[in-house]
Amino acid sequence: MDDEEIIPPQMLGELKLLFIQHKALRNSKELQLQIIEWAKRLLVESRKEWSDMHTSLLDAVIQTDRRAEAQRKSKERDKKYAPFREYFKKLQQEKYLLAQNSGGKLTANGFVEWFLKNKAQNIEIPYVKQNQKNKLRQLAQQNNREFKKACAG
538 MDDEEIIPPQ MLGELKLLFI QHKALRNSKE LQLQIIEWAK RLLVESRKEW SDMHTSLLDA
598 VIQTDRRAEA QRKSKERDKK YAPFREYFKK LQQEKYLLAQ NSGGKLTANG FVEWFLKNKA
658 QNIEIPYVKQ NQKNKLRQLA QQNNREFKKA CAG
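Take the sequence shown: its letters are residues 538 to 690, numbered as in the working numbering.
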């Protein structure tokens, strides 16, 4: 391992300057104190760099862990909603095909209104009551896009 790898170039330059300026004073107390001060600055600088690197590495690890935890929780939440989404999609597809065969068109809003009036009493909807209609509308819109692609393709 070279000195450059252990000691930053700026610090090496300062040390070299100390020796050049004090060739005649190599054994002097003043030079020794200057070298000690130089070493202190070197340690402070190195500690600061290490601390910064440690902090950024720790932040990256924490961020990665949070991301993994969020993905895991998302998958768990998804399992909670999956059976309802399947039922909702199957029911919507039946209504979509009925409307298409009779020459009509089933909109996402229309299906959600029908669902809330006719089927919502028979099944537990896993979405929060205040946001239920909006979530059902989003789900119905997504399903409609899939149905249209399937019919077109």
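Beta carbons are placed, not taken as given, at the ideal position from N, Cα and C, and that holds for glycine.
Helix, strand or coil at residue i [DSSP, three-state]
| i | result |
| --- | --- |
| E650 | helix |
| E613 | helix |
| V581 | helix |
| V665 | coil |
| V676 | Going by the sequence as given, residue 676 is Leu instead of Val. The answer is helix: DSSP assigns L676 an H, G or I state. |
| D540 | At D540 the pLDDT is 45, less than 50, meaning the model places this residue with poor confidence and gives no usable figure here. |
| P620 | helix |
| T644 | coil |
| K656 | coil |
| S588 | helix |
| P545 | coil |
| S565 | coil |
| L570 | helix |
| S639 | coil |
Pair within 8 Å by beta-carbon distance, residue i and residue j
| i | j | result |
| --- | --- | --- |
| A636 | Q678 | no |
| Q629 | N671 | no |
| V649 | R674 | yes |
| P545 | E582 | yes |
| I662 | Q669 | yes |
| L726 | L568 | Any question about residue 726 goes unanswered here, given that the chain covers just 538 to 690. |
Neighbourhood of residue i by C-beta, 8 Å cutoff - its chain only, sequence neighbours within 5 removed
| i | result |
| --- | --- |
| D540 | Below a pLDDT of 50, predicted positions are generally treated as unreliable, and D540, at 45, falls in that range; the measurement from the model is reported next regardless. Contacts found: L549. |
Neighbourhood of residue i by C-beta, 6 Å cutoff - its chain only, sequence neighbours within 5 removed
| i | result |
| --- | --- |
| L643 | K632, Y633 and A636 |
| Y664 | K672 |
| F621 | P663 |
Pairwise C-alpha distance: residue j and residue i
| i | j | result |
| --- | --- | --- |
| L595 | R604 | 14 Å |
Buried or exposed (CB count within 10 angstroms, at least 16 for buried), residue i
| i | result |
| --- | --- |
| L676 | buried |
| Q667 | exposed |
| Q571 | buried |
Beta-carbon proximity list for residue i, same chain, < 7 Å, skipping 5 on both sides
| i | result |
| --- | --- |
| K566 | none |
| L552 | W575 |
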